[in-house]
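I have placed the structure first, in the form of structure tokens, so that the comments after it can refer back to it.
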Amino acid sequence: MSKSSASFAKSVYELFSSMRFAISLLTVLAIASIIGTVLKQNEPYQNYIIQFGQYWFTLFERLGLYDVYHTAWFVIILVFLVLSTSTCIYRNLPSMLREMRSYREEASENSLSHFQHNAEFVTHGTPLEALKSYLTAQNYRYKERTLETRDGTMLAAKIGSTNRLGYIFTHSAIVIICLGGLIDSNIPLKLEQTFGLKKIETRDIPQSQVPAASRLSPGNLSFRGNVTIPEGSSADVVFLNIGDGYMVQDLPFAVALRKFHIEHYSTGQPKSFASDIAILDKKTGKELLTHTIKVNHPLIYDGIAIYQASFGDGGTKLKLNGWNLFSPSVTPTPINGVVHDSTKLTSGKVQYTLEFTDFRPFNIENTGSEGAAPQRDARSLFGGNAAADHKNLHNVGPSFQYKVRDAQGQAREYSNYMLPIMNDKRWYMLSGVRSSPADAFRYIRFPLDPDQTLTGFMRLRGVMFDPALRAEIARRFTLGALPDGESTPEIRAKLTDSTEKVLSLFAQGGYQALSDFIEKQVPKAERDRAAQTYLKILELSTYEAYQMAQQQAGLPPPAADEPTGWFIRDSLNSMSDLFFYGAPVYLQLAQYDQVNASGVQLTRSPGKNIVYGGSFLLVLGVFAMFYIRERRLWLLVKPGRVLFAMSSNRKTLDFENEFERHKQRIAEIVKE
Numbered sequence: 205m206s207k208s209s210a211s212f213a214k215s216v217y218e219l220f221s222s223m224r225f226a227i228s229l230l231t232v233l234a235i236a237s238i239i240g241t242v243l244k245q246n247e248p249y250q251n252y253i254i255q256f257g258q259y260w261f262t263l264f265e266r267l268g269l270y271d272v273y274h275t276a277w278f279v280i281i282l283v284f285l286v287l288s289t290s291t292c293i294y295r296n297l298p299s300m301l302r303e304m305r306s307y308r309e310e311a312s313e314n315s316l317s318h319f320q321h322n323a324e325f326v327t328h329g330t331p332l333e334a335l336k337s338y339l340t341a342q343n344y345r346y347k348e349r350t351l352e353t354r355d356g357t358m359l360a361a362k363i364g365s366t367n368r369l370g371y372i373f374t375h376s377a378i379v380i381i382c383l384g385g386l387i388d389s390n391i392p393l394k395l396e397q398t399f400g401l402k403k404i405e406t407r408d409i410p411q412s413q414v415p416a417a418s419r420l421s422p423g424n425l426s427f428r429g430n431v432t433i434p435e436g437s438s439a440d441v442v443f444l445n446i447g448d449g450y451m452v453q454d455l456p457f458a459v460a461l462r463k464f465h466i467e468h469y470s471t472g473q474p475k476s477f478a479s480d481i482a483i484l485d486k487k488t489g490k491e492l493l494t495h496t497i498k499v500n501h502p503l504i505y506d507g508i509a510i511y512q513a514s515f516g517d518g519g520t521k522l523k524l525n526g527w528n529l530f531s532p533s534v535t536p537t538p539i540n541g542v543v544h545d546s547t548k549l550t551s552g553k554v555q556y557t558l559e560f561t562d563f564r565p566f567n568i569e570n571t572g573s574e575g576a577a578p579q580r581d582a583r584s585l586f587g588g589n590a591a592a593d594h595k596n597l598h599n600v601g602p603s604f605q606y607k608v609r610d611a612q613g614q615a616r617e618y619s620n621y622m623l624p625i626m627n628d629k630r631w632y633m634l635s636g637v638r639s640s641p642a643d644a645f646r647y648i649r650f651p652l653d654p655d656q657t658l659t660g661f662m663r664l665r666g667v668m669f670d671p672a673l674r675a676e677i678a679r680r681f682t683l684g685a686l687p688d689g690e691s692t693p694e695i696r697a698k699l700t701d702s703t704e705k706v707l708s709l710f711a712q713g714g715y716q717a718l719s720d721f722i723e724k725q726v727p728k729a730e731r732d733r734a735a736q737t738y739l740k741i742l743e744l745s746t747y748e749a750y751q752m753a754q755q756q757a758g759l760p761p762p763a764a765d766e767p768t769g770w771f772i773r774d775s776l777n778s779m780s781d782l783f784f785y786g787a788p789v790y791l792q793l794a795q796y797d798q799v800n801a802s803g804v805q806l807t808r809s810p811g812k813n814i815v816y817g818g819s820f821l822l823v824l825g826v827f828a829m830f831y832i833r834e835r836r837l838w839l840l841v842k843p844g845r846v847l848f849a850m851s852s853n854r855k856t857l858d859f860e861n862e863f864e865r866h867k868q869r870i871a872e873i874v875k876e
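Shown next as structure tokens:
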């Protein structure tokens, strides 16, 4: 080997055996572990984008913070730490073992006399045997050596030599813990990904269609994946969130969900949940084991831990009434849906896709007061003044969520409540809408008629949006506002035309269309008065439309009272909001057949027990280093005198007291 190569090898050796290097690596690992604990790992990338925004998401993604324990830099640090610590052990273990076995009986009289803790005694007898007995009584192990000059005996004693095991145990524990981490870091999979043998699947396709390059065999060394199992169904794979996609991990058995149990507090919030599961033979379907798993009480089978992780909907069947929001029709269309499934919807010449995403039998909301609208409505795009200053939680009943996707693939998400909700002593059906999962739901409120149904509002909406009826509505309004004989035909005709214009503008774009018309056609100085006039015409003509709607249904005319006035104003608000609703229909939940599903996490972590063993060894090592003190004692016995010396690896007050105690007792022995 050349001189330069030898120098390089020596530098590498010194680097690996450097305590500062090991501490630096441990510090980085500690910081990474804190990040991995605080930041939820292996979530879909979309969740992180919503949480952090695109800039920070990109930065954290490049640093590998979404899967800290499997990143290349984390694994490399583990490898370097194993090498560094192993080098330290290799370098120091032989000398430590020799030191543990050594009694240092070769110490000279001169060196003992220079010890900080020493004393010399004059004796007239031969106290050697008495001193041996004393050392034995004090639990000291000793070794006797006759001096070469034959004029005395050296007693070299020690206690607490196992202190050095602390160094050995702690360093070995670091190596063992890191090895356990390396085993669970699934290095073989990382290598397969590096060489293109395994690829992350990003398409939303059934697991049976996932190609072999994105599937992992049942013999995979380590994995942590999740799967949702509906009641009465089974699963023999789990899904591993990796990067911006996933991989499918095949299991050596199948897990079937027999029954899902959930308990709630009086508010309806979940109290506890558990799953009755069965382990099935993958080939024959034979039941091998039944067990109930609960949160923090997993089942360990065939080296795989099965955890109760979450719960959700397993495909609840929904029966819905679809109200066409921009058609004169007042009869709802029955629609059937299944959560996690989709169906087609046609409105005019446009086809939409309804994607049912979730169902919740309980919704605990801050309603402000008994029966009030949910707090989330307080920030509604559509107005409303829900009392959000109180903190009263109430169960407002079932709800379901769905997406309406157009032909271009653009979708809006909706959350509709099944039961009506009271706000300001009036009842509404609530429907939330948002354009992105990062947004909060904004709610539109459909008022209920005196019979507590949507039919009254939908009949009124049908009349207001029917172009063929606007002239009759305007005529009736004019007749009521300007009876015959109290105005000229020209004035009545002008008011009728104005009313038709107001109704037409409102039917084309709600309040926004009226506002745009006023800003464009009316001078600025007259806009406020014109707006008040148009709104009064709209409200009073809507009352006439309400009478027509009741008449068409064969019902008595509505009363001209305050509740009817509020119903008309609420109806106008809702009809105006329809133009921002983004969907051609409102889906009202009529019935449901709930199907529960259990979210199960399955993990194979062979390195976990290795880490536990290393952690136990680390505790022993720390205990040995800090709580076991090595003390060494020398007694040089010569005719007429005894030289006593003592040392310790840590100078403490206890050691000072012990030295004084031994000194006093030895003095008594040599005088006897």
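Heads up, the sequence shown is in our numbering, so the first residue is 205 and it goes up one at a time.
For each residue, glycine too, the CB sits at the ideal point set by N, CA and C.
Quick caveat: nothing in here was measured; it's all calculated off a predicted structure.
C-beta contact flag for residue i and residue j at 9 angstroms
i       : j       : result
Val-414 : Ile-293 : no
Val-442 : Val-452 : yes
Ile-372 : Leu-297 : yes
Glu-834 : Ser-365 : yes
Gly-385 : Leu-301 : no
Gly-684 : Ala-753 : no
Tyr-273 : Ile-870 : no
Tyr-511 : Pro-788 : no
Trp-620 : Ser-603 : According to the sequence shown, residue 620 is Asn rather than Trp. Closer than 9 angstroms, so yes.
Gly-516 : Ala-801 : yes
Gly-825 : Thr-374 : yes
Ala-377 : Val-804 : no
Val-543 : Leu-522 : yes
Glu-309 : Lys-347 : yes
Ile-381 : Leu-791 : no
Leu-229 : Leu-267 : no
Leu-269 : Leu-243 : yes
Lys-498 : Ser-476 : yes
Arg-663 : Val-554 : no
Alpha-carbon to alpha-carbon, residue j and residue i
i       : j       : result
Lys-402 : Leu-393 : 8 angstroms
Ser-817 : Thr-432 : Residue 817 is actually Gly in this sequence, not Ser. Taking the straight line from one Cα to the other gives about 33 angstroms.
Val-716 : Lys-724 : Before going further, note that residue 716 is Gln rather than Val in the sequence given. Each residue's Cα considered, the two are about 12 angstroms apart.
Ala-311 : Gln-342 : 22 angstroms
Ala-735 : Trp-770 : 20 angstroms
Gln-320 : Phe-278 : 48 angstroms
Ile-483 : Ile-508 : 12 angstroms
Ser-290 : Ser-852 : 28 angstroms
Leu-558 : Asn-567 : 22 angstroms
Gly-575 : Thr-561 : In this prediction, Gly-575 has a pLDDT of 39, which is less than 50 and means its spatial position is unreliable; what the coordinates show is noted afterwards. C-alpha separation (whole angstroms): 27 angstroms.
Arg-865 : Met-850 : 12 angstroms
Lys-336 : Tyr-307 : 15 angstroms
Lys-913 : Leu-420 : No statement about residue 913 is possible, as the shown extent of the chain runs from 205 to 876 and does not include it.
Thr-340 : Ile-832 : 19 angstroms
Ile-409 : Val-815 : 37 angstroms
Ala-794 : Met-633 : 12 angstroms
Leu-369 : Tyr-249 : 47 angstroms
Ala-749 : Lys-698 : 19 angstroms
Glu-700 : Ala-678 : Note that residue 700 corresponds to Thr in the displayed sequence, not to Glu. Near 5 angstroms, if we compare the C-alpha coordinates of Ala-678 and Thr-700.
Ile-873 : Met-829 : 33 angstroms
Supposed contact pair residue j and residue i - C-beta distance, whole angstroms, cut 8 angstroms
i       : j       : result
Leu-359 : Leu-839 : 4 angstroms
Pro-624 : Gln-798 : Actually they do not touch by this definition, with Cβ atoms about 20 angstroms apart.
Phe-721 : Leu-709 : 5 angstroms
Ser-778 : Phe-645 : Rounded, the Cβ-Cβ distance is 16 angstroms, inconsistent with contact.
Gly-356 : Val-823 : Actually they do not touch by this definition, with Cβ atoms about 45 angstroms apart.
Leu-189 : Phe-650 : Outside the modelled stretch of the chain, which goes from 205 to 876, sits residue 189, for which no answer is possible.
Pro-422 : Asp-454 : 5 angstroms
Leu-395 : Glu-435 : At roughly 40 angstroms, the Cβ-Cβ gap does not stay under 8 angstroms, so Leu-395 and Glu-435 are not in contact.
Phe-848 : Ala-323 : 5 angstroms
Beta-ladder partner(s) of residue i, from DSSP
i       : result
Lys-698 : The partner list for Lys-698 (beta bridge, DSSP) is empty, contrary to what the question assumes.
Gln-605 : Asp-562 and Ser-619
Ser-418 : DSSP lists no partner for Ser-418.
Exercise for review: Scan the stretch 711-798 and note each continuous alpha helix (DSSP H) run of 4 residues or more that stays entirely inside, going in chain order.
Suggested key: Qualifying alpha helix (DSSP H) stretches, in chain order: 731-756 and 766-785.
Point to revise | 3-residue-minimum beta strand (DSSP E) runs that sit fully inside the stretch 441-483, ordered along the chain | key: Residue ranges of uninterrupted beta strand (DSSP E) with 3 or more members, entirely inside the stretch 441-483 and ordered along the chain, are 449-468.
Practice item. Taking only runs that begin and end inside the stretch 379-412, name each unbroken alpha helix (DSSP H) of 4 or more residues, in chain order. Key: Here the runs fully enclosed are 391-398.
Point to revise | Ordered list of beta strand (DSSP E) runs contained in the stretch 800-859, each at least 3 residues | key: 800-808, 835-842 and 845-852
Exercise for review: Mind listing, in chain order, the continuous alpha helix (DSSP H) runs of no fewer than 4 residues lying wholly within the stretch 307-360?
Suggested key: 313-317 and 332-341
**Study point:** Whole runs of the beta strand (DSSP E) within the stretch 494-548, excluding any shorter than 3 residues
**Key:** 503-505, 508-517, 521-528 and 537-542
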